[in-house]
Amino acid sequence: MQSEFYSYAEQMQRYLDAQDRRIAKLESDLTRLAKELDEIKKKPPINVERIEYKFDQLKVESLEGTLNIGLNPNDLANIDEFTVNKNPAAPAPYLFPERDIMTADISDAIKGSLPAIITENEERSGTAMDPSYHDFIRHDVERQLPARIDMYINETPQPERVPHLLQNVKEKVIERITSDIHAAIAAFMSQSNSQTGGNSDNGV
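Okay, so the sequence shown: first residue is 91 according to the numbering used here, each after it adds one.
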């Protein structure tokens with residue numbers, strides 16, 4: 091009986107010792123954290139300057155519609171932003187089994203031709219843009235492609251909505267979007283040149 095009492099007392103002592111060590115560690119951590127907090131409070135506040143968006147917001151009008159370079163994506167939430175003449179009713183969607191495949195093909199074709207389109211506009215204007223502008227234009231155009239492709243497919247006239255003319259529909263959509271991109275890039279470069287004095291040595 092006495093041995094059991096001593097064994098219990100020994101276990102209790104070990105438990106109390108472990109608790110003391112835990113309390114000591116917690117007190118040490120608390121002291122360290124309080125010290126770090128005081129040091130943070132003593133540091134001067136960080137002043138974050140407002141970053142200005144350097145690209146002008148351009149809305150380029152063309153016979154086919156509008157293509158925007160430099161616009162906030164929120165400005166393009168409504169598909170009506172893409173059209174010049176606000177029609178009283180949008181055309182009925184042109185739905186067909188291969189539509190997703192056609193949309194992907196058109197998107198790939200446009201994305202693949204973007205570098206050549208940008209270069210062609212540089213050659214026409216005699217101005218070489220900084221590579222960062224190439225990336226900016228490419229990303230801004232690619233962002234708008236899905237909505238524009240959908241819009242132009244849906245604008246296919248009813249007589250042309252037949253299976254054997256799907257290839258023609260795809261080619262027309264690519265042609266219209268390519269024309270829009272040329273107009274948008276040309277206007278973007280013209281606006282940029284007017285702001286920088288057209289110094290082609292340093293890019294747009």
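Where a beta carbon is used, it is the ideal one built from N, C-alpha and C, also for glycine.
Computed from a predicted model, the values in this text were never measured in an experiment.
Residue span of the alpha helix (DSSP H) that contains residue i, given as start and end
| i | result |
| --- | --- |
| H229 | 221-244 |
| K133 | Neither: K133 is in no alpha helix (DSSP H) and is coded neither H nor E. |
| P205 | 189-215 |
Cβ neighbour criterion (16 or more within 10 Å) applied to residue i
| i | result |
| --- | --- |
| P163 | A caution first: P163 carries a pLDDT of 45, below 50, which makes its placement in the model unreliable, though a value can still be read off. Under this definition P163 is an exposed residue. |
| V150 | Because V150 carries a pLDDT of 42, less than 50, the predicted location of this residue cannot be relied on, and the following value inherits that uncertainty. Under this definition V150 is a buried residue. |
| V259 | buried |
| Q147 | Below a pLDDT of 50, predicted positions are generally treated as unreliable, and Q147, at 42, falls in that range; the measurement from the model is reported next regardless. Exposed, because fewer than 16 other Cβ atoms sit within 10 Å of the Cβ of Q147. |
| Y223 | buried |
| D110 | exposed |
| Y184 | buried |
| D291 | Because D291 carries a pLDDT of 46, less than 50, the predicted location of this residue cannot be relied on, and the following value inherits that uncertainty. It is exposed - the Cβ of D291 has fewer than 16 other Cβ atoms within 10 Å. |
Beta-carbon spacing of residue i, residue j below 9 angstroms
| i | j | result |
| --- | --- | --- |
| I363 | I275 | Because the chain here runs from 91 to 294, residue 363 falls outside it and cannot be looked at. |
| I267 | R238 | yes |
| S269 | S215 | no |
| P181 | E250 | no |
| I130 | L204 | no |
| I196 | V252 | no |
| I227 | F278 | yes |
| T193 | D230 | no |
Among the options, the one whose alpha carbon lies nearest that of residue i
| i | options | result |
| --- | --- | --- |
| Q248 | S203, P236, F186 | F186 |
| A218 | S118, S282, L235 | S282 |
| E212 | A273, L120, P181, S118 | A273 |
| I191 | E126, K262, Q257 | Q257 |
| T209 | D225, L120, K132 | D225 |
| L255 | L123, R189, S118 | R189 |
| P236 | D220, D198, E265, P221 | D198 |
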